[in-house]
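Colleague: Going by the working numbering, 667 is the number at position 35 of the sequence shown; the sequence numbering is gapless. For each residue, glycine too, the CB sits at the ideal point set by N, CA and C. Before we start, here is the structure in question, set down as C-alpha cells.
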Amino acid sequence: MAEMILNAPIGHMEQTVADILKRNVTFNVIEQTPIGQTEYQRKIIISADQFPIVSATVQFDSKTIPQHILAELLRKKDGTGTILQRHRVDVHRRSITVTVSTDGKKITRSYEIMQNTSVWFQISEEIRLDFL
Numbered sequence: 633m634a635e636m637i638l639n640a641p642i643g644h645m646e647q648t649v650a651d652i653l654k655r656n657v658t659f660n661v662i663e664q665t666p667i668g669q670t671e672y673q674r675k676i677i678i679s680a681d682q683f684p685i686v687s688a689t690v691q692f693d694s695k696t697i698p699q700h701i702l703a704e705l706l707r708k709k710d711g712t713g714t715i716l717q718r719h720r721v722d723v724h725r726r727s728i729t730v731t732v733s734t735d736g737k738k739i740t741r742s743y744e745i746m747q748n749t750s751v752w753f754q755i756s757e758e759i760r761l762d763f764l
C-alpha cells in the first residue's frame with residue numbers, strides 16, 4: 633500500500649489513494665501564499681471522509697514556471713501534478729528523503745519535480761498510513 637502511494641506517477645496521487653481506499657477522495661488547496669518576490673508556498677490536503685491521507689507543502693518560483701502553468705496554479709483548483717499532466721509537461725521526481733515513523737503509521741518524504749535539469753517544485757509530504 634505504501635509502495636503504491638510512493639510510486640504513484642506525478643499527477644496520479646488522488647487517483648492512487650482513491651483506488652487503495654475504494655472510495656472517493658477530495659483534494660483541497662488549504663493555503664497558497666507568496667513567500668518572496670517570485671516564490672510561492674502552497675499547502676494541500678487529500679482526504680477521505682474528512683481524514684487527511686496526504687498533506688503536502690509545495691514551493692515554487694514563478695520565474696521558473698511557464699506562465700500558462702503558473703496561471704492554473706494560482707487558481708488553486710487542481711494539484712500540481714494534475715496541472716503538469718494536463719499540459720503534457722515531461723517531468724520527473726527526484727527524491728530527497730523518505731522516512732517512516734517508528735510506529736509505521738506515517739511516511740514523510742521530500743522531493744523535487746524537475747523539468748529537464750530545472751527544479752520546478754519542491755514538495756514535502758506526510759502520508760498517513762493509519763487512515764488507509
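For residue 741, which residues does DSSP report across the bridge?
Modeller: Residue 741 is bridged to 730 and 757.
Colleague: Assign residue 746 to one of three DSSP states: helix, strand, or coil.
Modeller: Strand at residue 746.
Colleague: Within 10 angstroms of its Cβ, does residue 662 collect 16 or more other Cβ (buried), or is it exposed?
Modeller: It counts as exposed.
Colleague: For residue 646, count neighbouring Cβ atoms within 10 angstroms of its own Cβ and tell me buried if that reaches 16, exposed if not.
Modeller: Answer is buried; the Cβ neighbour count reaches 16.
Colleague: Under the three-state reduction of DSSP, which class applies to residue 634: helix, strand or coil?
Modeller: Here residue 634 sits in helix by DSSP.
Colleague: Once you ignore the five residues that flank residue 653 on each side, which residues in its own chain have a CB closer than 6 Å to its CB?
Modeller: These residues qualify, in order along the chain: 680.
Colleague: Express the C-alpha separation of residue 741 and residue 749 in angstroms, rounding to a whole number.
Modeller: If I take the Cα positions, the gap works out to 21 Å.
Colleague: Within 8 Å, do at least three Cβ pairs link the stretch 705-712 to the stretch 727-741?
Modeller: Segments in contact, no.
Colleague: For residue 725 versus residue 637, is the C-beta distance shorter than 8 Å?
Modeller: Cβ atoms of residue 725 and residue 637: not closer than 8 Å.
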